[in-house]
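Everything on this sheet refers to the single structure shown next.
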Amino acid sequence: MEDRDLIARILDGDTQSFKLLIKQHERLVAHMIGRLVKHDGEREDLCQDVFIRIYEKLSEFTFQSKLSTWIATIAYRYAINHLRKKRIEIDTMEDNAMVLGTFAEHENPETLFSTQNTDEFILKLVDQLPPHYKTVIMLYHVDNLNYVEIGEITGMPEGTVKNYIFRGRKLLKEKVLKYIGKEELS
Amino acid sequence: MNYEEELQQKIEEGKLQELEKNDLDVRAYASIFKTLQNAPQYVAPPDLADLVLKKLPVKRKRSLLQNDFFWLAAGIAILFGAAVFIAIRINYVVDLGFLNGMSAYKGLIIFGLGFIVFINFLDRQLVKNNKSSV
Chain A
0 MEDRDLIARI LDGDTQSFKL LIKQHERLVA HMIGRLVKHD GEREDLCQDV
50 FIRIYEKLSE FTFQSKLSTW IATIAYRYAI NHLRKKRIEI DTMEDNAMVL
100 GTFAEHENPE TLFSTQNTDE FILKLVDQLP PHYKTVIMLY HVDNLNYVEI
150 GEITGMPEGT VKNYIFRGRK LLKEKVLKYI GKEELS
Chain B
0 MNYEEELQQK IEEGKLQELE KNDLDVRAYA SIFKTLQNAP QYVAPPDLAD
50 LVLKKLPVKR KRSLLQNDFF WLAAGIAILF GAAVFIAIRI NYVVDLGFLN
100 GMSAYKGLII FGLGFIVFIN FLDRQLVKNN KSSV
């Protein structure tokens with residue numbers, strides 16, 4: 000079913016169509032929420048709240064972007080607002096050098112080395128990246144979104160998205176080289 | 000394009016053969032790209048759609064109630080505004096009427112109010128006692 004038809008039906012009050020929309024986009028919303036919010040219970044509640052918000056705002060969707068991008072934008076903002084409410088530090092463009100500096104200097108080899116293998120180690124490092132870096136990297140690599148789509152979702156200029164991805168990967172590489180022996184690198 | 004950018008771009012494009020495979024940077028980047036592609040993700044609960052649909056009527060009811068409160072508040076505000084507007088238009092002056100004459104008997108009024116409160120207090124106490132004796 001086309002997005003336009005689906006939305007028209009939902010706006011007519013067809014709850015089964017809304018259920019279909021949830022099924023189609025729950026993976027994307029779960030990814031967005033899951034990579035910013037750590038607590039499982041909160042993740043579940045937030046996923047539900049995001050879809051309720053989508054239901055409330057659906058009449059305002061103007062098809063200027065893809066439906067999935069619009070939904071991901073709502074999920075991203077919801078997660079960021081949740082972090083703000085919880086007073087979890089989110090780096091802004093102005094202070095990201097400082098935040099990245101903290102990431103680069105942060106050394107906790109004991110927790111990092113408790114991981115079983117290189118993959119787990121790298122994923123732990125990704126998890127420690129500042130939220131914006133982590134989000135853009137995962138959207139790019141896992142959800143296969145392009146720079147423009149990531150920019151729409153996060154509200155960052157395309158250049159900033161590219162820069163965050165590049166710098167995030169470079170930081171990861173530096174950490175990997177610092178803590179993993181040559182033999183362990185495939 | 001600097002060295003790091005070139006490395007990242009070539010690995011992303013799958014042109015590993017163009018790079019020095021024993022280079023540690025190359026191997027580290029290759030590992031990172033491979034891991035990211037297979038990164039496990041948080042999966043929503045299987046009954047998410049049902050849970051959301053269950054929450055919708057409650058949410059709708061709440062927003063309808065919020066709407067009602069909004070219109071009630073708006074109605075009161077409009078009424079108050081209209082009263083103020085009319086009072087200004089007709090140059091209404093607040094007059095306490097008979098209360099002006101009563102101001103000479105402040106002590107009597109205070110005594111009267113106190114007496115009523117005292118009688119009520121006594122009444123309650125007596126009613127309580129009677130109930131317990133029954």
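Keeping their order, the protein sequence lines are chains A and B. Take the first sequence: its letters are residues 0 to 185, numbered as in numbering that gives the first Met the number 0. Take the second sequence: its letters are residues 0 to 133, numbered as in numbering that gives the first Met the number 0. Idealized CB from N, CA, C, for every residue including glycine. Fair warning: this is a prediction, and the values are worked out from it, not measured in the lab.
Glycine 80/B sits in a helix when the DSSP states are folded into three classes. In the three-state reduction of the DSSP assignment, methionine 137/A falls in the helix class. Here the alpha carbon of proline 39/B sits roughly 21 angstroms from the alpha carbon of glutamine 47/A. Taking the CA atoms as reference points, arginine 34/A sits about 13 angstroms from alanine 71/A. If you draw a 10 Å sphere on the C-beta of isoleucine 164/A, you find 16 or more other C-beta atoms in it, and that means buried. Residues Leu5, Arg8 and Ile9 of the same chain have their beta carbon placed closer than 6 angstroms to that of serine 16/A, with the five preceding and five following residues left out of the count. At the C-beta level, serine 64/A and glutamate 151/A come within 8 angstroms of one another. Residues of chain A with a Cβ closer than 8 angstroms to the Cβ of lysine 60/B do not exist, since the nearest Cβ in that chain sits about 13 angstroms away. The continuous alpha helix (DSSP H) containing aspartate 4/A extends over residues 2 to 10. The count of Cβ pairs closer than 8 angstroms, one atom from the stretch 14 to 30 of chain A and one from the stretch 6 to 23 of chain B, stays below three, leaving the stretches out of contact. For histidine 131/A, no Cβ of chain B is located within less than 8 angstroms of the residue's own Cβ. Among the CB atoms of chain A, one or more fall inside 8 angstroms of the CB of aspartate 24/B.
For glutamate 3/B, the chain A residues whose Cβ falls inside 9 angstroms of its Cβ are Phe165, Arg168, Lys169 and Lys172, in order along the chain. With at least 16 other beta carbons inside 10 angstroms of its own, valine 28/A counts as buried. Three or more beta-carbon pairs drawn from the stretch 140 to 148 of chain A and the stretch 31 to 47 of chain B are found closer than 8 angstroms, and the two stretches are therefore classed as touching. Remark: C-beta atoms of tyrosine 2/B and histidine 30/A do not approach each other more closely than 8 angstroms.
With a threshold of 16 other beta carbon atoms within 10 Å, glutamine 7/B meets it and is buried.
Per DSSP, reduced to three states, the secondary structure at asparagine 21/B is coil, with no helix or strand assignment. The distance from the Cβ of valine 36/A to that of isoleucine 73/A is about 15 angstroms, inconsistent with a contact at the 8 angstroms cut-off.
In the structure shown, the three-state DSSP call for serine 64/A is coil. Not one beta carbon of chain B lies nearer than 8 angstroms to the beta carbon of leucine 144/A. Out of Lys9/B, Ile108/B and Arg59/B, the CA that lies nearest to the CA of glutamate 17/B is found in Lys9/B. Interface annotation for the stretch 27 to 48 of chain A against chain B: Val28, Ala29, His30, Ile32, Gly33, Arg34, Val36, Asp39, Arg42, Glu43, Cys46, Gln47 and Asp48, criterion Cβ-Cβ distance under 9 angstroms. Taking a C-beta cut-off of 8 angstroms against chain B, the contacting residues of the stretch 1 to 22 of chain A are Thr14, Phe17, Lys18, Ile21 and Lys22, listed in chain order. Within the model, the alpha-carbon separation for leucine 20/A versus leucine 128/A is close to 32 angstroms. Tyrosine 28/B has a beta carbon lying within less than 8 angstroms of a beta carbon in chain A.
Listed along the chain, the chain A residues whose CB falls inside 8 angstroms of the CB of glutamine 65/B amount to none; the nearest CB is some 12 angstroms away. For the pair threonine 68/A and glutamate 148/A, the Cα-to-Cα distance works out to about 7 angstroms. Residue Leu124/A holds the alpha-carbon nearest to the alpha-carbon of lysine 169/A among Leu124/A, Met155/A and Thr153/A. In the structure shown, leucine 95/B adopts coil according to DSSP, grouped into three states. For leucine 55/B, a Cβ of chain A is located within less than 8 angstroms of the residue's own Cβ. Your pair tyrosine 54/A and leucine 55/B checks out as a contact, with CB atoms roughly 7 angstroms apart and the cut at 8 angstroms.
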